[in-house]
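A.B. asks:
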Amino acid sequence: MNGIKIVVLAKQVPDTRNVGPDAMKADGTVNRSVLPAIFNPEDLNALEQALRIREKYEGTTVTILTMGPGRAAEIIREGLYRGADSGVLLTDRAFAGSDTLATSYALALAVKKLSPDLVIGGRQAIDGDTAQVGPQVAEKLGWPQVTYAEEMHFEDDRLIIRRRLERGVETVSSPLPLVVTVNGTAPACRYRHARLVMKYKYARTDTELQSESTDYIAGSRPLIKITEWDVEAIEADEEQLGLSGSPTKVKEIDNVILQSKESRQLTASDKDIESLVLELLENHTIG
Amino acid sequence: MANFYTDIKDLRFHLTHPVMEKIVRLKEMDYREKDQFDFAPHDFEDAMDNFDKVLEIIGSICAEVIAPNAEDVDHEGPQVTDGHVMYARGTRENHEALTRAGVIGMAFPRRFNGLNFPMVPYVMAAELVSRADAGFANIWGLQDCGETILEFASEEIKSEFLPRFNEGATAAMDLTEPDAGSDLQAVQLKAHYDEAKGIWLLNGVKRFITNGDADISLVLARSEEGTSDGRGLSLFVFDKADGGFKVRRIENKMGIKGSPTCELVFRNAPAKLVGERRMGLIKYVMSLMNGARLGIGAQSVGIAQAAYEEARKYASERKQFGKTIDQFPAVYEMLTVMRVRLEAMRSLLYETARFVDIYKAWSFISDERQLSKEEREDLKANTRLADIYTPMVKLISSEWCNRIAYDAVQIHGGAGFIKDFPVERLYRDARITSIYEGTSQLQVVAAIRGVTTGGYLAQIREYEKREIRPELDHLRKSLITLTDGFEKSVAGVLSAGSNEMTDFHARRLVEMAANIIMGYLLLLDAQREPDYTASAELFISLAIPENNMRSEYIAGFEEKELGLFKAG
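As given, the protein sequences belong to chains B and R, one line each in that order. Just so we're aligned: the first sequence equals residues 109 to 395 in the working numbering. Just so we're aligned: the second sequence equals residues 365 to 932 in the working numbering.
#1: Under 6 Å Cβ to Cβ from R/Ala-769, same chain only, skipping five residues before and after it: list those, please.
#2: Does any residue of chain B have a CB that is nearer than 8 Å to the CB of R/Leu-479?
#3: Name the residue from R/Glu-741, R/Leu-902, R/Glu-922 whose alpha carbon lies nearest to the alpha carbon of R/Glu-864.
#4: Leaving aside the five residues before and after R/Cys-765 along the sequence, list all residues of the same chain whose C-beta is less than 6 Å from its C-beta, in chain order.
#5: For B/Asn-126 and B/Ala-145, what's the separation of their Cα atoms in angstroms?
#6: Let me check understanding here. Comparing Cα to Cα, which of B/Leu-188, B/Asp-265, B/Ala-131, B/Ala-118 lies closest to B/Asp-108?
#7: Work out the CA separation of R/Glu-681 and R/Lys-687 for me, nearest whole Å.
#8: Would you call the CB atoms of R/Ala-550 and R/Ile-580 closer than 8 Å?
#9: By the DSSP assignment, the alpha helix (DSSP H) with R/Pro-432 in it spans what residues?
#10: Quick check on the DSSP output: the alpha helix (DSSP H) that includes R/Arg-847 runs from which residue to which?
#11: Relative to chain B, which residues along the stretch 405-426 of chain R have a C-beta separation below 9 Å, given in chain order?
#12: Runs of 4 residues minimum, wholly inside the stretch 638-702 of chain R: which ones carry the alpha helix (DSSP H) assignment?
#13: Count the CB pairs spanning the stretch 510-530 of chain R and the stretch 439-452 of chain R that are closer than 8 Å, and state whether there are at least three.
#14: From B/Ser-223, B/Glu-343, B/Val-245, pick the residue whose C-alpha is nearest to that of B/Gly-229; which is it?
#15: With a threshold of 8 Å, are at least 3 pairs of Cβ atoms found where one atom belongs to the stretch 585-605 of chain R and the other to the stretch 619-637 of chain R?
#16: So with CB distances below 7 Å, who are the chain B contacts of R/Arg-376?
#17: Give me whichever residues DSSP pairs with R/Asp-538 in a beta bridge.
#18: For the stretch 301-322 of chain B, which residues have a beta carbon sitting closer than 8 Å to at least one beta carbon of chain R?
#19: Threshold first: 4 residues or longer. Then list the alpha helix (DSSP H) segments lying entirely within the stretch 302-350 of chain B, N to C.
#20: Can you tell me whether B/Ile-269 sits near the ligand COA, meaning its C-beta is under 7 Å from at least one heavy atom of the ligand?
#21: Could you tell me if R/Arg-456 is buried or exposed, where buried requires 16 or more neighbouring beta carbons within 10 angstroms of its beta carbon?
#22: With a CB to CB cut of under 7 Å and the five nearest residues on each side skipped, what residues in its chain are close to R/Asn-502?
#23: Would R/Ala-656 and R/Glu-801 qualify as a contact pair, given that the criterion is a beta-carbon distance under 8 Å?
#24: Under 8 Å between the Cβ atoms of B/Arg-372 and B/His-301?
#25: Rounded to the nearest angstrom, how far is the Cβ of R/Phe-903 from that of R/Ala-779, given a contact under 8 Å?
#26: With distances taken between CB atoms, is the gap from R/Val-467 to R/Cys-426 smaller than 8 Å?
#27: Using the beta-carbon count (16 or more within 10 Å), is B/Gln-232 buried or exposed?
#28: Looking at the C-beta of B/Tyr-165, does it have a partner C-beta in chain R at a distance below 8 Å?
#29: Check the C-beta distance from R/Arg-871 over to R/Val-808 and give it rounded, since I have them as a contact under 8 Å.
#30: Kindly list the residues whose CB is nearer than 8 Å to the CB of R/Ala-461, restricted to its own chain and excluding five residues on each side of it in sequence; keep chain order.
#31: Can you confirm whether B/Arg-185, when its beta carbon is compared against all beta carbons of chain R, has any partner nearer than 8 Å?
#32: Write down the C-beta distance between R/Ala-496 and R/Phe-368 rounded to the nearest angstrom, noting that I regard them as a contact closer than 8 Å.
#33: Report the residue from B/Ala-218, B/Met-175, B/Leu-155 whose alpha carbon sits nearest the alpha carbon of B/Asp-207.
#34: Do you know how far the Cα of R/Thr-803 is from the Cα of R/Ala-755?
#35: Do R/Ile-421 and R/Ala-465 have their CB atoms nearer than 8 Å?
#36: Taking the straight line between their C-alpha atoms, what separation do you get for R/Glu-615 and R/Tyr-451?
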């Protein structure tokens, strides 16, 4: 199996892993200005899987696809630094406010236009935690989907995928085309590559070129362009995008307050531990 | 995200030294490769930005991969099976992460898969890796062997071996033997030219070879039958894939346990001659050793930084008598002196790296065109400075690294003596730095030339003339007094006209010069960045009594007292 065309879905997210007291605004929405924008962690796991496939199967290409505001071009550059061959930024005011349904609609159209054999994304983003976008893209494309992937390789023309499930490991196989979402337990993404950083650090979208001083960037260096697609480029129906295309509405947000109400002493015996495990399973604390 | 490069301000400070502009211009030969390679810099800012970004990659690999692996690597260590070394799991992970980041061979030219980085950022990378795991730092640092291939081997050998480093090939320099340690002239491993096959074959044993089972090895061997001194030795490059070689055993060491120290046996191992016959020890190994000594300087600074961090952290958390122990004078004095010494040795390290950068850049340019008279003089001046600063940096930073590691254990108290804290490993790892690549005693033998020829003094007087803000002038005055004292002591020792007297006081004199030089370097750091003023003040106030003690001892010493020291 050679020459596989892979699209990696990646999202720029606020880094919610080390939040301070001002991480959320009074209205319950994320205060994006105080949280650094990062490459969604599980999308990095997805990128690593794509790069490993490329190492093994000659002629394979990896394209990063992201949707977001202009500054999300940073995600494309990050992907290029780590080894992606190219990237596309889906950006348009009409995309703003899209929920998972509208996002997957736009992404599915962009994927169609790129016509890959394989789409790999992270299981979920750390801002929304829905894990819906990957599966919805697959549905809209009418392709099979495999979630919670940890490792994958080809046997003839079928992709063999190891899935990490709550109660164990499952191995499945699927023909292409296919959408796979990757778990955080998959191998971490490789670091940036020195030569690629030096090559791509001035890669810019048209929008970035218009908004920043290009004197130094341009210099005598041949410009590397990052492709930008808007609504028109993917021939999307605006009604199905942004707020109008998003049936999801956040009604209310409650704070979760964890309190310990009681404490119990257990002995280290198997019997005590088993009864605790059973109790935790019954009240759905675990499992 | 943890990052060893960005979490202390000192590396960026030294990276942005004003002399870098000249170094980068010479190294890039006026940015002539910008259209040839898509990653080559177009100007100075572009190049500096590249150094910064690549050191950031290395800094995160160090903090997130190498440092977390260090404890396991120390316990697990490498193993020998079937005559070959298997690294510890963590060692393999570390090497793979750095290989995948494309940073190995970073100082080599781009046409050999390198990044054409100067020594300054390369030495910084070595410091970062050493801070994360000093044992692994050897496996990283042996890419220095490529520098020797680059400088002295034929174009054919360069093209065959250099590009492999970036793809992950490891290296070793096979110099010492059971009866040839400090005295390399005694090397016996035999190289003979097989006329029929048209190749050199190596036969014999090497001992104490760091990373001895490397993919690419530089081997010092006796190519001239019937000779017994250094002039009969040549340098060879050996490819492990060619066979005729095995690892007999690895040593069980006190520290740097992740770095395999091997005993090697060569039996008709085919090898290629590097450069000219008979020049192996006299020219090539000397150059190889200078690079390695600078590397040990970086390793020492890295270990010292790690030990200081551990001590500071522990002292700020450990409470006794109702307060954290860093609030007691006995502890905060130790911590501050550790930090000031660390800053001083780091300034000396990067000053030396800059001299090396300039002379190396000129000598590469001189391969292509004739240098002007001024350029030749600049090459000579920087070569001389690199020659006298390199043993000084090796001596001072390795000795101080040991003192800092010692104090770091002391600050931990009983906790430092058990294996639960990293400081115990750092203390063991530090110990080798003043021993290998030439003991401290041998560094003094190399450095004393800087004292007797006036090389250090001339450079000290040059620092004296640099521009200093008025509020720092009292420090310069103190340093001038110390310099006068140093001159007097040197004159006193030399006036005896006895080599034995000079050798006896050599270390004292070299250390006096080092104190003055580091005092000036910190003063110049403070001139450029006021944050370093306190360090300069503290360092100089410690250097005054230290140097005075040595001056007094020398002034009161008579040659006949030497007899008291001789075994009786």
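For glycine and all other residues, C-beta sits at the position ideal for the given N, C-alpha and C. Note that the coordinates shown come from a computational prediction; the quantities given were computed from them, not determined experimentally.
C.D. replies: This is what the structure gives:
#1: Counting from one through the second sequence, the residue named residue 769 of chain R turns up at place 405. Taking R/Ala-769 as the centre and dropping the five residues before and after it, the same chain places the C-beta of Ala-671, Leu-790, Tyr-791, Ala-794 closer than 6 Å to its C-beta, in chain order.
#2: Position 115 of the second sequence, counted from the start, is the residue given in the question as residue 479 of chain R. R/Leu-479 counts as touching chain B.
#3: Walking along the second sequence from the start, residue 864 of chain R turns up at place 500. Answer by Cα proximity: R/Glu-922.
#4: Counting from one through the second sequence, the residue named residue 765 of chain R turns up at place 401. Excluding five sequence positions before and after R/Cys-765, the CB atoms of its chain that fall closer than 6 Å to its own CB belong to Ser-664, Ile-667, Ala-668, Ala-794, Thr-797, given in chain order.
#5: The sequence position of residue 126 of chain B within the first sequence is 18, counting from 1. The sequence position of residue 145 of chain B within the first sequence is 37, counting from 1. The alpha-carbon separation between B/Asn-126 and B/Ala-145 amounts to approximately 12 Å.
#6: Residue 108 of chain B falls outside the range modelled here, since chain B spans only 109 to 395, and no answer is possible.
#7: Counted from its first residue, the second sequence places residue 687 of chain R at position 323. Counted from its first residue, the second sequence places residue 681 of chain R at position 317. If you take the alpha carbons of R/Lys-687 and R/Glu-681, they lie about 9 Å apart.
#8: Counting from one through the second sequence, the residue named residue 550 of chain R turns up at place 186. Counting from one through the second sequence, the residue named residue 580 of chain R turns up at place 216. Using a Cβ distance threshold of 8 Å, R/Ala-550 and R/Ile-580 do not count as a contacting pair.
#9: Translated into the one-based positions of the second sequence, residue 432 of chain R becomes position 68. If you look at R/Pro-432, you'll find it in the alpha helix (DSSP H) that goes 431-440.
#10: In the second sequence, counting from the first residue as 1, residue 847 of chain R sits at position 483. Note that residue 847 of chain R is Thr in the sequence shown, not Arg. Where R/Thr-847 is concerned, the enclosing alpha helix (DSSP H) stretches over 837-859.
#11: From the stretch 405-426 of chain R, only Pro-405, His-406, Asp-407, Glu-409, Asp-410, Asp-413, Asn-414, Lys-417, Val-418, Glu-420, Ile-421, Ile-422, Ser-424, Ile-425 have a Cβ closer than 9 Å to chain B.
#12: For the stretch 638-702 of chain R, whole alpha helix (DSSP H) runs of length 4 or above, ordered along the chain, are 650-681.
#13: Not touching, per the Cβ criterion.
#14: In the first sequence, counting from the first residue as 1, residue 229 of chain B sits at position 121. Nearest C-alpha to B/Gly-229: B/Val-245.
#15: With a cut-off of 8 Å, the stretch 619-637 of chain R and the stretch 585-605 of chain R count as touching, because enough Cβ pairs lie within range.
#16: Residue 376 of chain R sits at position 12 when you count from the first residue of the second sequence. Chain B residues near R/Arg-376: none, gap ~17 Å exceeds 7 Å.
#17: In the second sequence, residue 538 of chain R corresponds to position 174, counting from 1. Beta-bridge pairing links R/Asp-538 to R/Val-583.
#18: Those would be His-301, Ala-302, Arg-303, Leu-304, Val-305, Met-306, Lys-307, Lys-309, in chain order.
#19: List check, alpha helix (DSSP H) in window: 302-308, 314-319, 323-326.
#20: Absence of the ligand COA from the depicted structure is noted, as is the absence of any ligand whatsoever, leaving it without description.
#21: Here the question's residue 456 of chain R lines up with position 92 in the second sequence. Its Cβ having fewer than 16 others within 10 Å, R/Arg-456 is exposed.
#22: Along the second sequence, read from residue 1 onward, the residue named residue 502 of chain R stands at position 138. The residues Thr-574, Asn-575, Ile-620, Ser-623, in chain order, have a CB closer than 7 Å to that of R/Asn-502 in the same chain once the five nearest residues on each side in sequence are set aside.
#23: For this step, residue 656 of chain R is matched to residue 292 along the second sequence. For this step, residue 801 of chain R is matched to residue 437 along the second sequence. R/Ala-656 is a Cβ neighbour of R/Glu-801, given a cutoff of 8 Å.
#24: Here the question's residue 372 of chain B lines up with position 264 in the first sequence. Here the question's residue 301 of chain B lines up with position 193 in the first sequence. Going by C-beta atoms, B/Arg-372 is not nearer than 8 Å to B/His-301.
#25: Residue mapping note: residue 903 of chain R aligns to position 539 of the second sequence, counting from 1. Residue mapping note: residue 779 of chain R aligns to position 415 of the second sequence, counting from 1. Contact between R/Phe-903 and R/Ala-779 is ruled out by a C-beta separation of about 29 Å, above the 8 Å threshold.
#26: Numbered from its first residue, the second sequence carries residue 467 of chain R at position 103. Numbered from its first residue, the second sequence carries residue 426 of chain R at position 62. Annotated as distal: R/Val-467 and R/Cys-426, with beta-carbon spacing of 8 Å or more.
#27: Sequence index remark: in the first sequence, residue 232 of chain B carries index 124 (1-based). So B/Gln-232 ends up on the buried side.
#28: Within the first sequence, the letter at position 57 stands for residue 165 of chain B. False, the Cβ-Cβ gap to chain R never drops below 8 Å.
#29: Counting from 1 along the second sequence, the entry for residue 871 of chain R is found at position 507. Counting from 1 along the second sequence, the entry for residue 808 of chain R is found at position 444. About 5 Å separates the two Cβ atoms, so the contact holds.
#30: As a first step, residue 461 of chain R is located in the second sequence; it is residue number 97 there, counting from the start. Contacts found: Ile-425, Val-429, Ile-430.
#31: Working through the first sequence from its first residue, we reach residue 185 of chain B at position 77. Answer no: the Cβ-Cβ gap between B/Arg-185 and chain R never drops below 8 Å.
#32: The residue given as residue 496 of chain R occupies position 132 in the second sequence. The residue given as residue 368 of chain R occupies position 4 in the second sequence. Your pair R/Ala-496 and R/Phe-368 checks out as a contact, with CB atoms roughly 6 Å apart and the cut at 8 Å.
#33: Here residue 207 of chain B corresponds to residue number 99 of the first sequence, with the count starting at 1. Among B/Ala-218, B/Met-175, B/Leu-155, the Cα nearest to that of B/Asp-207 is on B/Met-175.
#34: Residue mapping note: residue 755 of chain R aligns to position 391 of the second sequence, counting from 1. Residue mapping note: residue 803 of chain R aligns to position 439 of the second sequence, counting from 1. Note that residue 755 of chain R corresponds to Pro in the displayed sequence, not to Ala. CA-CA distance, R/Pro-755 to R/Thr-803, rounds to 10 Å.
#35: Start at 1 with the first residue of the second sequence, and residue 421 of chain R comes out as number 57. Start at 1 with the first residue of the second sequence, and residue 465 of chain R comes out as number 101. Taking 8 Å as the Cβ cut-off, R/Ile-421 and R/Ala-465 qualify as a contacting pair.
#36: Numbered from 1 along the second sequence, position 251 holds the residue referred to as residue 615 of chain R. Numbered from 1 along the second sequence, position 87 holds the residue referred to as residue 451 of chain R. Looking at the two C-alpha atoms, the distance is approximately 14 Å.
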